[in-house]
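In terms of our numbering, the sequence shown is numbered consecutively and its last residue is 892. Note that the Cβ used here is the ideal one computed from N, Cα and C, for glycine as well. Here the structure is a predicted model, which is why all the values come from computation and not from measurement.
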Amino acid sequence: MGYQLSENSSILITGGTGSFGKKFVSILLSRYPNIQRLVIYSRDELKQYEMSQEFSPQKYPGLRYFLGDVRDFERLRRAFEQVDVVVHAAALKQVPAAEYNPIEFIKTNVLGAQNVLQAALDVNVKRLVALSTDKAAAPVNLYGATKLCSDKLFTAANNIRGGRQTRFSVVRYGNVMGSRGSVIPFFLQQRSTGVLPITDPNMTRFNISLQEGVEMVIWAIENAWGGEIFVPKIPSYRLTDLAKAIGPDCEHPVVGIRPGEKVHEEMITSADSYTTVNLGMYYAILPVQGAYSMSEYCHATRAIQVPLGFRYNSGENESFLRVEDLRLLIREHVDQSFNVLL
Numbered sequence: 551m552g553y554q555l556s557e558n559s560s561i562l563i564t565g566g567t568g569s570f571g572k573k574f575v576s577i578l579l580s581r582y583p584n585i586q587r588l589v590i591y592s593r594d595e596l597k598q599y600e601m602s603q604e605f606s607p608q609k610y611p612g613l614r615y616f617l618g619d620v621r622d623f624e625r626l627r628r629a630f631e632q633v634d635v636v637v638h639a640a641a642l643k644q645v646p647a648a649e650y651n652p653i654e655f656i657k658t659n660v661l662g663a664q665n666v667l668q669a670a671l672d673v674n675v676k677r678l679v680a681l682s683t684d685k686a687a688a689p690v691n692l693y694g695a696t697k698l699c700s701d702k703l704f705t706a707a708n709n710i711r712g713g714r715q716t717r718f719s720v721v722r723y724g725n726v727m728g729s730r731g732s733v734i735p736f737f738l739q740q741r742s743t744g745v746l747p748i749t750d751p752n753m754t755r756f757n758i759s760l761q762e763g764v765e766m767v768i769w770a771i772e773n774a775w776g777g778e779i780f781v782p783k784i785p786s787y788r789l790t791d792l793a794k795a796i797g798p799d800c801e802h803p804v805v806g807i808r809p810g811e812k813v814h815e816e817m818i819t820s821a822d823s824y825t826t827v828n829l830g831m832y833y834a835i836l837p838v839q840g841a842y843s844m845s846e847y848c849h850a851t852r853a854i855q856v857p858l859g860f861r862y863n864s865g866e867n868e869s870f871l872r873v874e875d876l877r878l879l880i881r882e883h884v885d886q887s888f889n890v891l892l
């Protein structure tokens, strides 16, 4: 049932010019520089051009750049030909933009997901891992609702694969440290103004690096049975501690929570506890209807079912980062183009 990545693999990543895509490509090429095929599929020709300056097909003969949109089924199907593994990272993600332009998010995040899974089934892709978000757990905004729909599409797709080898799974985690549009780059940019606005003094967030996110996706490619939503065990931080780490001498006015925003990130709800297992490094929310039972899964993987009523959110997490921990992680993981010394 497992799949082993190797030089002989043929892989495609949708949304491949984003923060995750760049890191995923960097790690794969460092491990498999002569990989048979690695396709970056995205709709922005400028970002593809810029990425090709760092990752050149001349240096890596298996590398390909495909222009295309996940809304375009025919283009997806053509791009997926002879591909073994698909990582689906393409999505519209900005919460306020989703509230103002809901149908555009539905077209990309829901209908685009359907196109991706249908194309994967048509050409018998072996493994597909889709990236999700904490906002898909008990969603309170449209972006989260579209990603919940996407998660359900991918997990249910395992029920219609017939005799195909394809296995669909999902990886769910919160904001990636230092990713575009997230709070850390915003605070770093605002530090020079002397003011770092706090939405809510009680707010907490999970913390995961791009490296950790990529390693988790690679693990899911190689270990998923199909139908799981994998969730990482990662530390939390308090927004007030982040503000102290980045701008200890700045003012930290409380400006109020934004529409569609939660005080604490949530990745597993208590309602999910009935089908959630502990895998050691990760949790897995198993499909309600699937080709295997929880007992079979636990026996084979040595997983343990979580207690009924269990929930996993950033406010009740057992592990929290301190101010100094945050400073060290920012130095290590955040884009140095911000030119800040913490």
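Check	Outcome
Please classify Arg755 as buried or exposed, where buried requires at least 16 neighbouring CB atoms within 10 angstroms.	buried
Over what stretch of residues does the alpha helix (DSSP H) that includes Ser700 continue unbroken?	692 to 706
According to DSSP, is Met753 part of a helix, a strand, or is it coil?	coil
Assuming Ala795 contacts Leu746 under a Cβ cut-off of 8 Å, what Cβ separation, rounded to an integer in Å, is found between them?	Rounded, the Cβ-Cβ distance is 10 Å, inconsistent with contact.
State the DSSP-derived secondary structure class of Ala515, mapped to helix, strand or coil.	This structure cannot settle anything about residue 515, because the visible part of the chain is limited to 551 through 892.
Can you tell me whether Lys643 is buried or exposed? The criterion is at least 16 other CB atoms within 10 Å of its CB, across all chains shown.	buried
Between which residues of its own chain and Gly840 is the CB-CB distance below 6 Å, once the five residues before and five after are set aside?	Gly777
Quick one: what's got a C-beta closer than 6 Å to Val856's C-beta in the same chain, skipping five residues either side?	Ser823, Thr826, Asn828
Counting Cβ pairs closer than 8 Å, one from the region 651 to 670 and one from the region 599 to 618, do we hit at least three?	no
So the candidates are Asn665, Ala774, Ser786, Thr819; which of them puts its Cα closest to the Cα of Glu868?	Ser786
What does the alpha-carbon distance come out to for the pair Phe888 and His814?	Reliability of the predicted coordinates at Phe888 is poor, the pLDDT of 47 falling under 50, and the value obtained from them is presented with this limitation in mind. Using only the alpha carbons, I get a separation of about 27 Å.
When DSSP labels each residue in this structure, what does Gly844 get in the three-state scheme?	A quick correction: the sequence has Met, not Gly, at residue 844. DSSP places Met844 in helix when its eight states are reduced to three.
When the Cα of Gly728 is compared with those of Leu878, Ile563, Phe623, which residue comes out closest?	Leu878
Kindly indicate which three-state DSSP category His802 falls into: helix, strand or coil?	coil
Quick check: what's the CA-CA separation for Ile619 versus Pro735?	Note on identity: in this sequence residue 619 is Asp, with Ile being the wrong assignment. Each residue's alpha carbon lies about 28 Å from the other.
I'd like the list of long-range same chain contacts for Thr749, defined as Cβ closer than 8 Å, with 5 residues on each side in sequence excluded.	Leu789, Val804, Val805, Gly806, Ile807, Arg808, Glu811
Is the separation between the beta-carbon of Val679 and that of Ser569 shorter than 8 Å?	no
In its own chain, which residues sit with a C-beta less than 7 Å from the C-beta of Phe630, not counting the 5 before and 5 after it?	Leu562, Val636, Ala669, Ala670, Val673, Val675
Quick one: grab the DSSP three-state call for Ile807.	coil
Please state whether DSSP places Gln740 in a helix, a strand or coil.	helix
Tell me which residue opens and which closes the beta strand (DSSP E) that Tyr723 is part of.	Here Tyr723 belongs to no beta strand (DSSP E), and DSSP marks it neither H nor E.
Of all the options Glu866, Gly565, Glu846, Leu760, which has the alpha carbon lying nearest to the alpha carbon of Asn659?	Gly565
Among the candidates Gln740, Ser845, Phe605, whose CA atom is the shortest distance from the CA of Asn584?	Phe605
By Cβ distance below 7 Å, which residues in the same chain neighbour Asp701 in space, the five residues on each side in sequence not counted?	Ser682, Ala686, Val720, Ile779
Measure the alpha-carbon distance for Phe737 versus Tyr842 and round it to whole angstroms.	46 Å
Could you check how far apart the C-beta atoms of Tyr832 and Met766 are, in whole angstroms? I think they sit under 8 Å.	7 Å
Which same chain residues, not among the five before or five after Leu626, have their C-beta less than 7 Å away from its C-beta?	Gly618, Val620, Asn665, Val666, Ala669
Just the Cα atoms here: how many angstroms apart are Gln715 and Glu874?	47 Å
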